[in-house]
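Residue numbers (my numbering), protein chains in the order written: chain A, 3 to 442; chain B, 3 to 442.
Below is one structure, written out as structure tokens; comments come after it.
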């Protein structure tokens, strides 16, 4: 590109029709001139070759992505952060760029959106081998094409009749290997102890040793017994993660038999398949997070979890389970908060999703989680903290509810535990530092 | 876990029923005892909590993943490679582990496979924040559930009647912004010049400014004119990347109108959706590679491109376009060769896929690519090298064929160019070092 060529990839944001563009924020490390690298980056994302040979035309005004802001974070570095690529004797510059990308290039389609914002144009732009997509903003004109969550936080609260506290989930464990009969009994116990939602592990599929039909039937019945016994609504969250062409049928089979919420592993199944399921769904859809860390964990490369959280909300998940606080999950506190905010903040006509930051939770991690989030609009999802409780899952679930009661009453966990054997047993079992290496 | 607990996650590979397991190879950096970390890693991938409270049971013999080999690469490091996680005063060990994972835990389902091999269990195992999935091997009992490519390399060659040379692709450019009429004219010219397959860019969708129906109609007609003019079969590779629930309809509409091969961006659309489309497909399916680099580029984190190549083949792609050689693509030569091998090597009943290593190609990059791969079973996919050729796409395509003729004749590109203005013009236009930063 010549200097006059690359000027075509810069614009004043104020002069653009905001409804015609997605706004994208990237971290970039480049060798050589950062303005040239930013121009190339926009070119590669959009009109890589903007005229035919022998024609006097310029496709950039309508189709070109544009740099609307370029902030140099540090220049004169001698190498890229991760030992990828060669600086070819040119110094490396770390920068943050904001790009206006015309969504009319591809339309309101999730696979094409992903191809545009984290595809070849993004990760193979000349002299910029280190890239992280940090954030995305959608204009209302784009959001209008998406349904988003069907129930959202308010709808989920209505279904559960729970308004003033977090939603209490539990991952039924052992997660792999139990027959439906034993598995459903664990779920039943956890509801009686106070869980709102007992869930399948994200690894549990429709297998011959624990078929979904039978599981949904037994857990559906157990749920109804628990509802009758406790007088409050309960949910069985069945994992229907499976091949895309099975999702609709599995949805129908699971809810006919008694599941009343469905789990789908977002990334392995694909966001577009979730959007398809959302059109058909009659119950809340909940996301789990396998295959996100491989492209999101490193500070300066890949795609920020906030972006993927927004996309899961857009695809129609009512609940988004995500890596939470604590060293085990390798997310810094700001990142977890950013993901929770991405679930709850205004997003045009799209309803909020309930954030569920998880990882090695038990009664003792509830207060720090609540305090770090600063809202009751979250879900809490222990596994072993309920189902590995030494007194069993009913006591495990009770210990979670007791921990919440202590928060509401403004008393310490220890003070509350003095009156409750479930909580005191949890403290003794999980309150040790060794739990940091335990089974979540 | 106690020491006796974690012994349950080790096994002698020779003692296992090989048909019951996937074999997985991981790079791992852990703090503390690497054997304990490896045991945790297997536990988290499978039976995280292997018994109910109060029951005398052990789910590991049937359901546990097992370490079958553990190789210490380096011990005593003071930090992790990428500044993630804390070594907590324990030294870091880099190792390579081989795991036998019982596929009966989830079955022959791609979303569940991905959840198992690169999900929470893999990337959130205690004290091992740095992980890369390096390779996967499937037993025939697992492969038997998959169709794999419908045509494969041999079938594609039969369709094109090309047996003794690489397949010549070209990405029609400008890729974004042209109306179907102008776009199809470029494809027509490139076929006349000698391309086998003219393709849509991976960013081109079914938009109002270039609807797929009209594009397929015009390019289908242009293809038939080019076949009549040249006497050889040609292919129009239409990009039908779109929402999952549109794929079957777009397949039908595109091929009814004249497309005879279809492009799908594998990762953004989802492998499971590709598997669904494969069941319905009547033409070769070809993969493009957006959203793979974010989890595959770094040496010691994420998922190796070889793994994802195998999974694309398993899902049913006849052709796999992948990042190729050269500094632009940030793949070392061995990695490109490993991906090409993953397409072509024996894989039980699954047919080979044609590897197409791409990136800034033109006539001059054909010989190095051929020599590095050491086979004619590959595709060559220039963009600007054909469509940015100063004499137009017909000459651009001719320059590619001339470059191949020079290889066959054992002459230099320069000697061949002396007789061919198309090739000499390509040499003058693209043979400069500045092209390394140009538009692929």
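Don't be surprised by glycine CBs; every beta carbon is placed ideally from N, CA and C.
Owing to the predicted nature of the structure, the values given are computational and were not obtained by experimental measurement.
Problem set entry | Contact under 8 Å by Cβ, residue 151 of chain B with residue 355 of chain B | Yes, the Cβ-Cβ distance between residue 151 of chain B and residue 355 of chain B is below 8 Å.
Problem set entry | Alpha carbon of residue 43 of chain A to alpha carbon of residue 175 of chain A, nearest angstrom | Each residue's alpha carbon lies about 47 Å from the other.
Problem set entry | residue 377 of chain B in three-state terms, based on DSSP | Looking at residue 377 of chain B - three-state DSSP - the assignment turns out to be coil, as it is neither helix nor strand.
Exercise. From the beta carbon of residue 193 of chain B, is the nearest beta carbon of chain A less than 8 Å away?
Worked result: For residue 193 of chain B, the closest Cβ of chain A is not nearer than 8 Å.
Problem set entry | Neighbourhood of residue 324 of chain A by C-beta distance below 6 Å, restricted to the same chain and skipping five residues each side | Cβ neighbours of residue 324 of chain A beyond the five flanking positions: 291, 341, 359.
Problem set entry | residue 85 of chain A to residue 220 of chain B span [Cα, whole Å] | So the alpha carbons of these two residues sit roughly 46 Å apart.
For this session: Inspect the beta-carbon positions of residue 82 of chain A and residue 116 of chain B and report whether they are closer than 8 Å.
Result: Contact flag unset, no.
Exercise. Can you list, in chain order, the residues of its chain whose CB lies under 6 Å from that of residue 169 of chain A, leaving out five sequence neighbours each side?
Worked result: Here the set comprises 198, 381.
For this session: For residue 374 of chain A, return the contacting residues in chain B, with the cut-off set at a CB-CB distance below 9 Å.
Result: Correct list: empty, because the minimum Cβ distance to chain B is about 19 Å.
Exercise. By how many angstroms is the C-alpha of residue 171 of chain B removed from the C-alpha of residue 424 of chain B?
Worked result: A straight line joining the alpha-carbon of residue 424 of chain B with that of residue 171 of chain B spans about 17 Å.
Exercise. Along chain B, which residues have their Cβ under 8 Å away from the Cβ of residue 367 of chain A?
Worked result: Chain B residues near residue 367 of chain A: none, gap ~15 Å exceeds 8 Å.
Exercise. Would you report the Cα separation of residue 101 of chain B and residue 329 of chain B, rounded to the nearest angstrom?
Worked result: About 33 Å.
Exercise. With contact counted as at least three CB pairs below 8 Å, one residue from each stretch, are the segment 151-164 of chain A and the segment 235-249 of chain A in contact?
Worked result: Counting Cβ pairs under 8 Å, three or more are found: they touch.
Exercise. Would residue 437 of chain B count as contacting chain A if we go by Cβ distances under 8 Å?
Worked result: Confidence is the limiting factor: at residue 437 of chain B the pLDDT is only 37, short of 50, which leaves the residue's position unreliable and the question unanswerable from this model.
Exercise. How is residue 98 of chain B classed by DSSP in three states: helix, strand or coil?
Worked result: Residue state, collapsed to three classes: strand.
For this session: Could you check how far apart the C-beta atoms of residue 126 of chain B and residue 361 of chain A are, in whole angstroms? I think they sit under 8 Å.
Result: Indeed they touch by this definition, with Cβ atoms about 7 Å apart.
Exercise. From which residue to which residue does the beta strand (DSSP E) around residue 44 of chain B run?
Worked result: Here residue 44 of chain B belongs to no beta strand (DSSP E); instead the alpha helix (DSSP H) covers 36-47.
Exercise. Is the beta carbon of residue 182 of chain B less than 8 Å from the beta carbon of residue 225 of chain B?
Worked result: No, the Cβ-Cβ distance between residue 182 of chain B and residue 225 of chain B is not below 8 Å.
Problem set entry | residue 289 of chain A - DSSP class collapsed to helix/strand/coil | Three-state result, residue 289 of chain A: strand.
Exercise. At a CB-CB cut-off below 9 Å, which residues of chain E make contact with residue 253 of chain A?
Worked result: The chain inventory of the structure shown lacks chain E, comprising the protein chains A and B.
Exercise. Is residue 143 of chain B near residue 21 of chain B, with beta carbons less than 8 Å apart?
Worked result: Taking 8 Å as the cut-off, the beta carbon of residue 143 of chain B is found closer than this to the beta carbon of residue 21 of chain B.
Problem set entry | residue 79 of chain A, DSSP secondary structure in three states | In the structure shown, residue 79 of chain A sits in a strand (DSSP, three-state: E or B).
Exercise. Hey, how far is the Cα of residue 103 of chain A from the Cα of residue 228 of chain A?
Worked result: If I take the Cα positions, the gap works out to 51 Å.
Exercise. So who's on the other strand from residue 209 of chain A, going by DSSP bridges?
Worked result: DSSP output for residue 209 of chain A lists A:212 as bridge partner(s).
Problem set entry | Same chain, Cβ closer than 7 Å to residue 379 of chain B, neighbours up to 5 away in sequence not counted | So the qualifying residues of the chain are 155, 346, 356.
Exercise. Where does the unbroken beta strand (DSSP E) through residue 2 of chain A begin, and where does it stop?
Worked result: The structure shown does not extend to residue 2 of chain A, since chain A is modelled only from 3 to 442, so the question has no answer here.
For this session: Select from A:95, A:166, A:245, A:338 the residue whose C-alpha is nearest the C-alpha of residue 34 of chain A.
Result: Relative to the Cα of residue 34 of chain A, the nearest Cα in the group A:95, A:166, A:245, A:338 belongs to A:95.
For this session: Under the assumption that residue 418 of chain A contacts residue 408 of chain A (Cβ atoms under 8 Å), give the Cβ distance between them as a whole number of angstroms.
Result: 4 Å between Cβ atoms; contact.
For this session: Output yes if chain B places a C-beta closer than 8 Å to the C-beta of residue 441 of chain A; else output no.
Result: Unreliable positioning characterises residue 441 of chain A in this predicted model, as indicated by a pLDDT of 36, which lies under 50. A coordinate reading is not provided.
For this session: Report the three-state DSSP secondary structure of residue 301 of chain A (helix, strand or coil).
Result: Coil.
Problem set entry | Residue range of the alpha helix (DSSP H) that includes residue 114 of chain B | 112-119 is the extent of the alpha helix (DSSP H) around residue 114 of chain B.
Exercise. Run through DSSP, which three-state label would residue 68 of chain B get?
Worked result: Here residue 68 of chain B carries a strand assignment [DSSP, helix/strand/coil].
Exercise. So what does residue 138 of chain B bridge to, in DSSP terms?
Worked result: According to DSSP, which records beta bridges pairwise, residue 138 of chain B is partnered with B:26.
For this session: Report whether the distance from the Cβ of residue 354 of chain A to the nearest heavy atom of the ligand GDP is below 7 Å.
Result: Inclusion of the ligand GDP in the displayed structure is not the case, the ligand content being empty and no account of it being possible.
Exercise. Does the segment 131-143 of chain B touch the segment 62-72 of chain B, meaning 3 or more C-beta pairs lie closer than 8 Å?
Worked result: When C-beta atoms of the segment 62-72 of chain B are compared with those of the segment 131-143 of chain B, fewer than three pairs fall below 8 Å, so the two segments do not count as touching.
Problem set entry | C-beta atoms of residue 289 of chain B and residue 257 of chain B nearer than 8 Å | No. Outside cutoff.
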